[in-house]
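In UniProt numbering, the protein residues as written are 1 to 120.
Where is the CB? At the ideal position from N, CA and C, for every residue including glycine.
Structure record follows, encoded as structure tokens.
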């Protein structure tokens with residue numbers, strides 16, 4: 001009961017009660033009042049993620065096992081800036097940055113792009 005009271009107390013003013021989404025018009029009105037909620041990373045957080053520049057041209061860029069960005073589907077070429085997420089998936093920086101500004105997870109495996117701070 002205490003948890004329910006806490007959740008209800010934390011609800012934004014004007015939000016429909018739990019289980020009652022309201023009409024479509026009410027939802028649009030509420031979304032307009034609340035504004036856009038960012039669930040992604042900030043520009044500074046994206047800039048702090050590790051990147052590397054491809055130094056050498058891959059031996060066979062069209063080989064099936066050649067590293068490639070799953071967003072644009074192009075292989076990694078000499079001079080490309082690659083962002084490596086903690087899960088091990090690599091992307092072209094210019095491809096993954098817009099995604100990370102909207103979502104804070106890897107688009108392939110849904111692992112957080114930034115590990116949560118240690119609790120304690």
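Whole-angstrom C-beta distance between residue j and residue i, which should lie under 8 angstroms
i	j	result
residue 87	residue 111	4 angstroms
residue 92	residue 73	Rounded, the Cβ-Cβ distance is 10 angstroms, inconsistent with contact.
residue 60	residue 66	6 angstroms
Buried or exposed by the 16-neighbour rule on C-beta atoms within 10 Å, applied to residue i
i	result
residue 109	exposed
residue 33	exposed
residue 28	exposed
Beta-carbon contacts of residue i that lie in its chain and below 7 angstroms, excluding the five residues immediately before and after
i	result
residue 114	41, 45, 104
residue 54	76, 77, 78, 79, 80, 82
residue 116	none
residue 23	none
Own chain partners of residue i with C-beta closer than 6 angstroms, once the 5 adjacent residues on each side are dropped
i	result
residue 89	106, 108
residue 85	106, 113
Closest Cα partner of residue i within the set the options
i	options	result
residue 97	65, 49, 68, 117	49
residue 47	117, 60, 101	101
residue 39	58, 99, 117, 119	99
Cβ-based neighbour list, residue i, same chain, cut-off 8 angstroms, excluding 5 preceding and 5 following
i	result
residue 71	91, 92, 95, 96, 99, 107
residue 43	101
Residue ranges of each beta strand (DSSP E) within the UniProt domain "RING-type" (69 to 110), 3 or longer: Positions of the beta strand (DSSP E) runs, each at least 3 residues long and wholly inside the UniProt domain "RING-type" (69 to 110), are given as 81 to 84, 90 to 92 in order along the chain.
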